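In my numbering, the protein residues as written are 243 to 1022. Built from N, CA and C at the ideal position, the CB exists for glycine as well. Since this is a predicted model, take the numbers as computed values, not measurements.
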């Protein structure tokens, strides 16, 4: 009897612990909740608004501080989303076990994973997960590394073989010496990189940030000049009025409602997708997926279900097909511990009505001989790798096997005389035929891939499996260029990777780090890349991709790092996500133009009134009236409507083009009222301010009409609410909003300005619309 190795002594363990050679928790720590809260509160955007609110507070006009409600909502939504993302990321763990069996001082003991030290002797049996990188010192086992590499086949591990942390022992028992601990482990490296905080790649977010940075750059110098111009002009403008007018100009520059609208629209999209069993873990990924032009799919779990099925059964020339099927049914039934292959064969034969023979002796599968067999009374059969079963005689049927192997894993079935005492084949095997087994393809895969092809999205299949098998499955589901595939082991340099991803669409034997390289290479060429996967081998690529999608049935690592999780494990849900993204972005672009009108108007007027000899004609509470009825309510209604149009152009350009006509007309109306009203008609500040507010609302209403074409019942109702709400604010609530009663002169001037700006608005809208349409056509 072989004596159990003694392993490390207590003194040797203590020495390694003192050196730090211990399998300690080395996870990358995500930002704390305190950091997230502070980062969302302490922003330049919030600081500007708080400073403006403080100035209003000095005046004692508390009603003019209502704009801070929007700021508070922005902060709360941002904090909630980031904390939710943190909790998800913190759950990322590749090595799932909590204890391991090690040999110390000649005794087997159970120790927590974080107490394993370098050179520890670990004992691993069937079902155990390898807790740290190790080298086998005795025994043999079949190891499943698919979670890490994507390879679905079991790998034989004997003395001297390396075991990667995160892999599983499928059969056999080994003793292995730990060579890497903590951050050195293969799984720890993947997990650490996957947990690194990644900046969100969102065109909408980037556009909003650019707007805020620009406003932040000009707001205080313009504000200081405007205040000084009003208070020190000698025209008797009181301090409080000068402050309120200045704050009104500056608040109007900040599109705070647009940020809230964006968060809200995307949050609504999250709720809608949840009803379709799609979990959204990062808000802005909805937008990103709608812009994707390249989709990288992992084969297993995405195109396929992860289960095995029999693709075909073919008898060799001269063999009896009925005997072949009976042999398969009998061999599958004889396996006392069937793997996925045996289960697939058993299910196929049962469906075909083939009754298995009772087995008198079973020879289990061995990685050395690569076949299994059984005796059934007077006959015996074996099933396994053709070359190992037939030896040199395999050349006779090799061509037939090669044809089947193009799309599936092929096993030979042969009749034998029996087995010797050691389980070896007696006599010359007689081949009966082949069984081809492949991953079960999802019934919806072809339709879903067809959808993306129709949307001009390039589909790439990237897998750790044999490239021939990957290409065969890709061809079955309609991936373009599936007949040309690449074995990723031949791609040794970044240049080769970059060239391959641009020319080919099917890749096999891809290592985890190569999947990430593929995504990086595509991104460097200007592509917006989405990646799907379900295993740890996909984690790095999922983290790198612009939009990442995981299956709920996949590994914890893939689920937790992905931005989208398909709860029902059905890739067919992807078109719903794209459609939701399009609805969100197209509607946001339409609604955002309402906010940008106010921003452009406020910035232009602030600069002009630094030069003009009059007080700025708006107060913060009046901007709230305009924002509520001509911007806020309409934008939310329009942003939640159905919209499946393809996204065209860039967000900021699309928004500004629709905003300029309204902003120009509003500026012209305000200037006309000030010039004519003050100089020709002798209006006071209240009368000028009233006309400016209502004409600005009139311009906003015209833009809403333009954005609502073609009219629907809900859009018609929206226009009624906009007009009715503005009229209500100007009449019943005139005191709150600083609106004075109309005189005959005010009415005449209002009508004349309204007609004039309407004509200019429709002309400008047509000019800019034709120019932008021609620009988009060239880009297409």
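In or out: residue i buried (at least 16 other Cβ within 10 Å) or exposed?
i            : result
residue 1024 : Any question about residue 1024 goes unanswered here, given that the chain covers just 243 to 1022.
residue 422  : buried
residue 304  : exposed
residue 1028 : With the chain covering 243 to 1022 only, the question about residue 1028 has no answer from this structure.
residue 1013 : exposed
residue 840  : buried
residue 945  : buried
residue 872  : buried
residue 513  : exposed
residue 1005 : exposed
residue 751  : buried
residue 859  : buried
residue 767  : exposed
residue 472  : buried
residue 480  : exposed
residue 274  : exposed
residue 1020 : exposed
residue 558  : buried
Using DSSP with H/G/I as helix, E/B as strand and the rest coil, what is residue i?
i           : result
residue 747 : coil
residue 659 : coil
residue 753 : coil
residue 540 : strand
residue 284 : coil
residue 808 : strand
residue 427 : coil
residue 405 : strand
residue 526 : coil
residue 556 : strand
residue 341 : strand
residue 709 : helix
residue 696 : helix
residue 300 : helix
Kindly indicate the opening and closing residues of the beta strand (DSSP E) around residue i.
i            : result
residue 732  : Per DSSP, residue 732 belongs to no beta strand (DSSP E) and is neither H nor E.
residue 1027 : This structure cannot speak to residue 1027, because the chain is shown only from 243 to 1022.
residue 614  : 613-618
residue 855  : Here residue 855 belongs to no beta strand (DSSP E), and DSSP marks it neither H nor E.
residue 371  : Careful: residue 371 lies outside any beta strand (DSSP E) and carries neither H nor E.
residue 452  : No beta strand (DSSP E) contains residue 452, which is instead part of the alpha helix (DSSP H) from 445-473.
residue 1023 : Residue numbering for the chain in the displayed model covers 243 to 1022; residue 1023 lies beyond these limits and cannot be assessed.
residue 350  : 349-354
residue 771  : 771-775
Keeping to the same chain, check which residues put their C-beta closer than 8 Å to that of residue i; ignore five residues upstream and five downstream.
i           : result
residue 574 : 580, 584, 585, 587, 588, 591 and 598
residue 850 : 909 and 913
residue 601 : 572, 575, 576, 616, 617 and 618
Enumerate in chain order the residues of its own chain whose CB-to-CB distance from residue i is below 6 Å, with the five nearest sequence positions on each side excluded.
i            : result
residue 1023 : The shown model of the chain, from 243 to 1022, leaves out residue 1023, and the question about it has no answer.
residue 604  : 576 and 616
residue 894  : 449
residue 834  : 500 and 897
residue 403  : 378
residue 702  : 538 and 747
residue 254  : none
Would you verify that the beta carbon of residue i is, or is not, closer than 7 Å to some beta carbon of chain D?
i           : result
residue 826 : Among the chains of the structure shown, chain D does not appear; only one protein chain is present.
How is the alpha helix (DSSP H) around residue i delimited, first residue to last?
i           : result
residue 898 : 893-914
residue 944 : 927-950
residue 967 : 955-973
residue 680 : Residue 680 -> not in any alpha helix (DSSP H); beta strand (DSSP E) instead, spanning 672-683.
residue 258 : 252-261
residue 781 : 781-786
residue 516 : 498-517
Given residue i, which residues of its chain have a CB within under 7 Å of its CB, disregarding the five upstream and five downstream residues?
i           : result
residue 856 : 916 and 920
residue 611 : 630
residue 342 : 353, 355, 358, 364 and 373
residue 565 : 674
residue 742 : 728 and 733
(request) Evaluate contact between the segment 646-657 and the segment 550-557, counting only Cβ atoms and requiring at least three cross-stretch pairs below 8 Å. (result) yes
(request) Determine, using beta-carbon pairs with one atom in the segment 921-936 and one in the segment 875-892, whether at least three such pairs fall under 8 Å. (result) no
(request) State whether the segment 800-814 contacts the segment 854-867, with contact taken as three or more CB pairs (one from each stretch) at a distance under 8 Å. (result) The answer is no - the segment 854-867 does not touch the segment 800-814, with fewer than three Cβ pairs under 8 Å.
(message) For the structure I just gave you, are there three or more beta carbon pairs, one from the segment 406-418 and one from the segment 363-382, closer than 8 Å?
(response) For the pair of segments examined, the segment 406-418 was found to touch the segment 363-382: the number of CB pairs separated by less than 8 Å reaches three.
(request) Give a yes or no on contact between the segment 903-912 and the segment 934-944, applying the rule of three or more CB pairs nearer than 8 Å. (result) yes
(request) Count the C-beta pairs between the segment 565-574 and the segment 532-548 that are closer than 8 Å, then say yes if the count reaches three, no if not. (result) Cβ pair count under 8 Å is below three, so no.
(message) For the structure I just gave you, are there three or more beta carbon pairs, one from the segment 451-466 and one from the segment 491-498, closer than 8 Å?
(response) Touching, yes.
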